[in-house]
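Colleague:
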Amino acid sequence: MTSPAMKKSRAFSPWPAAVFICLVVLALLFLAPTFGVLLAAMKSTGDIAAGQLWSIPTTLFLDNFREVLANPSVKIYFLNTFLVAVPGTFGSILMGILAGYVFAKLPFRGSNLLFLAIVSGMFFPPQIILIPLFRIFNALGILDTLWPLIIVHIAMGIPICTLLMRNFFATVPNALREAAILEGANEWQVLTRIAIPVSLPALAVLATLQFTWIWNDFLWPLIFTQSDEKRTIMLGLVNLNGQYSVAWGVQGALALMASLPTLIIFLFFQRFFIRGMTMGAVKG
Amino acid sequence: MSAPLFRAVTMARRLDTGIMERQNTIWRILLLAIPLAVFSIFIVWPLLNSFYYSFTNWNGFNAEYDFVGLKNFSKVLTTRLFTNAAINTLIWMVAAIVLPSLAGLGLALLLDSKIRGANVFKSIFYLPICLSAIVVGQIWVWIFQPDWGLLNMAISAISGEPFTYAWLAKPGSAIYAVIVAWSWQQTGLSMVIFLAGLTGIPQDLTEVAEIEGATRWQRTWHVVLPLLRPATVVVIALSVINSLKGFDILYIMTGGGPFNSSDTLAMYMYNESFKKYRMGYGSAISVILFLITLTIIFIYFRQLKKVDEIYD
């Protein structure tokens, strides 16, 4: 028996245990879909068709992965996606640094309105600029190359990158900048030697977010590329799923491999990722 | 001139606000030039062009096209397919507000009670957000698969009779099946935002309520939930905005079918423009989509302002 004098919170309560069990059940339900892909990837097509997809495999069956790795298209898709995601990530962050610095440290009349206009860009569905962009890239003669993808990802990344960089630069004390200016530094030196070095966490946040989004993108390559040699991984995934139409195990292995880079980023940089998502969402 | 004096003079010059201001202007232009140019050329200019094309009958290939005035808009707004897509987008919006937001709120409240392994749980619920919509769609196509999908197998096991309903191939269920898949991915996002909101609530408040004798339920309902209003505004706005973007996952799961039963505005715009090559008509849809989004953003910013006023 607990004495009434004892603090109420110290008394036994079934609540934490109930919450814990509840969470475990929910977590298992939540993991089931992802787990299913893992299971499928380790099953032969025959097993899956026989209704064996959701059983735990007894032997390590890796033929599906071999099949995927032997497919030359898969290598091209991966390479293309890296060739888009890396410059796209760097480019958009660079834009965000430049614009964010001005909005944080060199505000001018109307700069808040301009900032708001740029940031609101992240709320609009990409469909509203699809047709004119198609026409522009067609006129430039770069349709069915990786260039439109890189350009569009840099441009579409400007709103979120500007938002996060401005918010981060705003936390750098003004006195620091003024002291450096009085010492004879120019704005560029303040940016590269003071503002950027203290903003490494913000850069990590943006790098994880941008890379993941660009890697997972589907719409832009769908519109701007046609030939198999220019496809990125998500478009390639859809294409190969058509090829391996009933080879569900191969499809599972493909989906897993296509998600691997973003899964790795998520596992190692989860904190940055979550922070970016909430910062972007809450401040937007 | 001696060195210290020279230094003093340059310092005084730098302090001269006139010179400073002129220099600042130069730096503003230098730093903003490239980002603003990229943003204007590849976002703003195309947006204006969408308006322009929406008054034409351009087909995507020919150099020539004619101005047709408001014909595209009058056609769009009277087509059954557009109304269908608009209603589906609305269904999607409502479902998006209800499903992932409520689920995210529930999870956040459960996780906030200092439970053991909270971080592991958070990661699990958050994991789907790093998967692409294409992969998420593929996973759920398997779950809804009529013969060996997880859902039908579970129903068969519970009812004892074989159950083979084709969720994604029936007009009555296709869009809801896609929404379930989408909610599974989005729940983690709203959970994280609600968690951020919960950490902002001072613990004293709930403790005072506890001492006053409020039950756990009363504390949640009367103290915590009202204080979560800012987070709720953000989550709802995000859900609405993201529902207007619903495309990838639809493309992979149903393609808008069967019989356009799961078409959304974004999907409809894509099909008209890039499948039927009616770019003028597609532009009119995108203009309507733009105006809807603009209205929502406007309401959202006003709500945020109101929230700020209440809590400041």
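Sequence order for the protein chains is B and X. For the working numbering, add 10 to where a residue sits in the first sequence, where the first one is 1. For the working numbering, add 108 to where a residue sits in the second sequence, where the first one is 1. Positions of the beta carbon are idealized from the N, C-alpha and C atoms, including for glycine. No experiment lies behind these values; they were computed from the predicted model shown.
1. Which value, in whole angstroms, describes the spacing of the CA atoms of PHE282 (chain B) and PHE276 (chain B)?
2. Would you identify the three-state DSSP class for SER13 (chain B), choosing helix, strand or coil?
3. Go through its chain and collect everything with a Cβ distance to SER298 (chain X)'s Cβ below 6 Å, but skip five positions before and after it.
4. Starting from VAL243 (chain X), find everything on chain B with Cβ-Cβ shorter than 7 Å and list it in chain order.
5. Helix, strand or coil for THR340 (chain X) per DSSP?
6. Any idea if ARG136 (chain X) is buried or exposed, counting beta-carbon neighbours within 10 angstroms, 16 or more meaning buried?
7. Name, please, each residue of chain B whose Cβ falls closer than 8 Å to the Cβ of LEU140 (chain X).
8. In chain B, what lies closer than 7 Å to ASP356 (chain X) by C-beta?
9. Does the count of Cβ pairs from the region 51-67 of chain B and the region 216-228 of chain B closer than 8 Å reach three?
10. Among residues of its own chain, excluding the 5 on either side of ARG285 (chain B), which ones have a beta-carbon nearer than 6 Å to its beta-carbon?
11. Could you tell me whether the Cβ of ILE195 (chain X) comes closer than 8 Å to any Cβ of chain B?
12. How would you call MET128 (chain X), buried or exposed, if buried means at least 16 neighbouring beta carbons within 10 angstroms?
13. Say whether the region 193-204 of chain X touches the region 380-390 of chain X, bearing in mind that this needs 3 or more beta-carbon pairs closer than 8 Å, one atom from each stretch.
14. With a cut-off of 8 Å, do at least 3 Cβ pairs link the region 25-32 of chain B to the region 43-63 of chain B?
15. Note down, in chain order, each residue of its chain lying with its Cβ closer than 8 Å to the Cβ of LEU232 (chain B), except the 5 sequence neighbours on either side.
16. Measuring straight from C-alpha to C-alpha, what distance separates THR55 (chain B) and PRO270 (chain X)?
17. Residues of chain X with CB closer than 9 Å to the CB of VAL215 (chain B), please, in chain order.
18. Using the C-alpha atoms, what's the distance from SER370 (chain X) back to LEU250 (chain B)?
19. Please classify VAL256 (chain B): is it buried, with 16 or more other beta-carbons within 10 angstroms of its beta-carbon, or exposed?
20. Can you pull out the residues from the region 145-156 of chain X whose beta carbon lies closer than 9 Å to at least one beta carbon of chain B?
21. Could you round the C-beta distance between ALA205 (chain B) and PHE179 (chain B) to whole angstroms and report it? I think they count as a contact, below 8 Å.
22. Please check if any C-beta of chain X sits within less than 8 Å of the C-beta of GLU197 (chain B).
23. Compare the Cα-Cα distances from LEU41 (chain B) to each of X:SER231, X:GLU315, X:TYR284, X:ILE142 and report the closest residue.
24. According to DSSP, PHE175 (chain X) sits in a beta bridge with which residue or residues?
25. Looking at chain X, which residues of the region 250-261 of chain B have a Cβ within less than 9 Å of any of its Cβ atoms?
26. Within this structure, are the beta carbons of GLY98 (chain B) and ILE152 (chain B) separated by less than 8 Å?
27. Tell me where the alpha helix (DSSP H) around SER298 (chain X) begins and ends.
28. Would you call the CB atoms of TRP84 (chain X) and ILE357 (chain X) closer than 8 Å?
29. Run through chain B and tell me which residues come within less than 9 Å of SER221 (chain X), C-beta to C-beta.
30. DSSP state of ILE152 (chain B), grouped into three classes?
31. Are the beta-carbon atoms belonging to LEU218 (chain X) and LEU38 (chain B) less than 8 Å from one another?
32. For TRP64 (chain B), go through chain X and note every residue whose CB falls closer than 7 Å to its CB, in chain order.
33. Any beta carbon of chain B sitting closer than 8 Å to that of ILE232 (chain X)?
34. Would you say ALA392 (chain X) faces chain B, with C-beta separation under 8 Å as the test?
35. Can you tell me whether ASN170 (chain X) is helix, strand or coil according to DSSP?
36. For a contact defined as C-beta to C-beta under 8 Å, what are the partners of LEU153 (chain B) on chain X?
Modeller: The answer reads as follows:
1. 9 Å
2. Confidence is the limiting factor: at SER13 (chain B) the pLDDT is only 45, short of 50, which leaves the residue's position unreliable, though a coordinate-based value still follows. Correct three-state label for SER13 (chain B): coil.
3. PRO208, SER209, GLY212, VAL343
4. ALA265, ALA268, SER269
5. helix
6. buried
7. LEU108, ALA109, VAL112
8. PHE228, LEU229
9. no
10. VAL215
11. no
12. exposed
13. no
14. no
15. LEU245
16. 22 Å
17. Neighbours of VAL215 (chain B) on chain X: none; closest Cβ ~13 Å, over 9 Å.
18. 24 Å
19. exposed
20. VAL146, PHE147, ILE149, PHE150, ILE151, VAL152, TRP153, PRO154, LEU155, LEU156
21. 6 Å
22. yes
23. X:SER231
24. X:THR164
25. ASN251, TRP258, GLN261
26. no
27. 282-307
28. Here chain X covers residues 109 to 420 and nothing more, so residue 84 (chain X) does not appear.
29. TRP25, PRO26, VAL29
30. coil
31. no
32. LEU258, MET261
33. yes
34. no
35. coil
36. Here the premise fails: no neighbours, minimum Cβ distance about 12 Å.
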